[in-house]
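Have a look at the structure below before the remarks.
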């Protein structure tokens with residue numbers, strides 16, 4: 049194997065794939081990146097058996113071949129090279145890397161030991177703008193359960209139906225949902241649960257370029273630019289969360305997002321330890337009070353001016369969940385929909401379509 053390419057291209061490709069090649073003691077080959085040089089293409093691949101990622105590089109191939117080397121070592125080394133031409137050649141089990149002023153030899157392992165990354169059929173694919181995909185993932189992924197005691201809610205639900213792509217996540221205390229309009233109706237409906245780790249990799253590597261998304265029964269594929277990311281799915285049935293979204297509400301408030309974030313942060317300093325409780329109290333028209341009290345620390349309240357309709361209400365929420373939802377909102381003004389003290393509260397971005405964030409109240 050022998051090829052040459054620019055340091056920028058090789059560095060970018062390795063930064064994408066080496067992140068998946070995490071340290072694995074029981075199966076050391078998973079620490080490695082697979083390098084494949086074929087006439088007209090250079091391909092880098094890595095997998096942790098849940099996620100598989102491939103990246104194509106531009107370069108000149110003089111001799112075809114396949115080999116694997118430690119992903120972190122190779123990536124760290126190439127990142128330190130000058131932005132110039134890099135020559136790579138294979139001699140037995142040694143990979144020689146040469147650039148102006150430096151040369152090194154990296155020991156590796158045969159490509160025959162590297163796991164096969166499953167191929168995904170592209171019979172039913174969707175094209176979605178990359179910026180929309182990134183925004184949708186960002187607005188829901190934080191609401192997924194942090195532990196895997198219930199695996200199905202540790203991931204993100206993705207559902208394709210008609211001309212709508214819906215992403216949702218919940219940990220049973222809050223729910224985030226984002227709907228995207230598709231340019232055309234999907235050829236086949238799909239409803240799958242993707243691991244949060246896989247979507248974090250999509251966020252890390254995706255730009256604004258169009259994404260080809262394929263959802264199969266056992267795996268999903270994100271293809272964009274020169275990257276293909278394949279992921280296994282989480283088995284199980286996702287909760288029918290539509291049942292808990294209130295069909296109506298008593299009070300609707302429009303409030304500045306930054307002002308509400310600051311008020312909640314101030315109140316959080318005085319909430320009960322381990323409870324994280326802050327109270328939102330409104331007259332339903334012009335005033336929203338954010339307050340908290342702790343017998344040891346003291347008490348605090350902030351009064352905000354709002355635009356409201358409906359009746360007076362008082363509800364207690366976990367301030368961390370409020371801040372998470374507010375932080376994911378894309379607009380400067382948010383709409384807060386409240387009911388009784390035992391009903392979920394809803395947050396929406398004013399002027400932004402397709403998104404909602406639901407929080408269960410803390411019952412006193």
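In my numbering, the protein residues as written are 49 to 412. For every residue, glycine included, the Cβ atom is placed at its ideal position computed from N, Cα and C.
From residue 130 to residue 50, what distance separates their C-alpha atoms? The sequence position of residue 130 within the chain shown is 82, counting from 1. The sequence position of residue 50 within the chain shown is 2, counting from 1. For residue 130 and residue 50, the distance between alpha carbons rounds to 20 Å.
Find out if the Cβ-Cβ distance for the pair residue 159, residue 116 is shorter than 8 Å. Your numbering for residue 159 matches position 111 in the chain shown. Your numbering for residue 116 matches position 68 in the chain shown. Yes, Cβ-Cβ distance for residue 159 and residue 116 is below 8 Å.
Who are the Cβ neighbours of residue 407 in its own chain at under 6 Å, not counting the five residues just before and after it? One-based indexing of the chain shown puts residue 407 at position 359. The residues are 222, 365, 369 and 393.
Give the straight-line distance between the Cα atoms of residue 350 and residue 330, rounded to the nearest whole angstrom. Working through the chain shown from its first residue, we reach residue 350 at position 302. Working through the chain shown from its first residue, we reach residue 330 at position 282. So the two alpha carbons sit approximately 12 Å from each other.
Beta-carbon gap between residue 126 and residue 78 smaller than 8 Å: Within the chain shown, the letter at position 78 stands for residue 126. Within the chain shown, the letter at position 30 stands for residue 78. Going by C-beta atoms, residue 126 is not nearer than 8 Å to residue 78.
I need the DSSP call for residue 153, collapsed to helix, strand or coil. Here residue 153 refers to the residue found at position 105 when the chain shown is read from its first residue. Three-state result, residue 153: strand.
With three or more beta-carbon pairs closer than 8 Å as the criterion, would you say the stretch 265-280 touches the stretch 321-341? Contact between the stretch 265-280 and the stretch 321-341 is absent, because fewer than three Cβ pairs lie under 8 Å.
Is it buried or exposed, residue 385, if we count other Cβ atoms within 10 angstroms and call 16 or more buried? Along the chain shown, read from residue 1 onward, the residue named residue 385 stands at position 337. That one is buried.
In the DSSP output, what is residue 278 paired with across the bridge? Taking the chain shown and counting its residues from 1, one reaches residue 278 at position 230. Under DSSP, the beta-bridge partners assigned to residue 278 are 100 and 269.
Of the choices 348, 354, 359 and 218, whose alpha-carbon is the least far from that of residue 191? As a working mapping, residue 191 is identified with position 143 in the chain shown. Looking at the Cα atoms, 218 is the closest of the given residues.
Mind checking residue 293: buried by the 16 CB within 10 Å criterion, or exposed? In the chain shown, residue 293 corresponds to position 245, counting from 1. It counts as exposed.
Secondary structure, beta strand (DSSP E): runs of 3+ residues fully inside the stretch 69-93: 80-86
So if DSSP puts residue 302 in a beta bridge, which residue, or which two residues, is it bridged to? Walking along the chain shown from the start, residue 302 turns up at place 254. DSSP lists 355 and 383 as partners of residue 302.
Helix, strand or coil, according to DSSP, for residue 254 in the structure here? By 1-based counting over the chain shown, the position of residue 254 is 206. Residue 254: coil per DSSP, three-state reduction.
Which residues does DSSP list as the beta-bridge partners of residue 243? Here residue 243 is taken as the residue at index 195 of the chain shown, counted from 1. Residue 243 pairs with 203.
Candidates 213, 104, 361 and 284, of which the one nearest residue 401 by Cα: As a working mapping, residue 401 is identified with position 353 in the chain shown. Comparing alpha carbon positions, the residue from 213, 104, 361 and 284 closest to residue 401 is 213.
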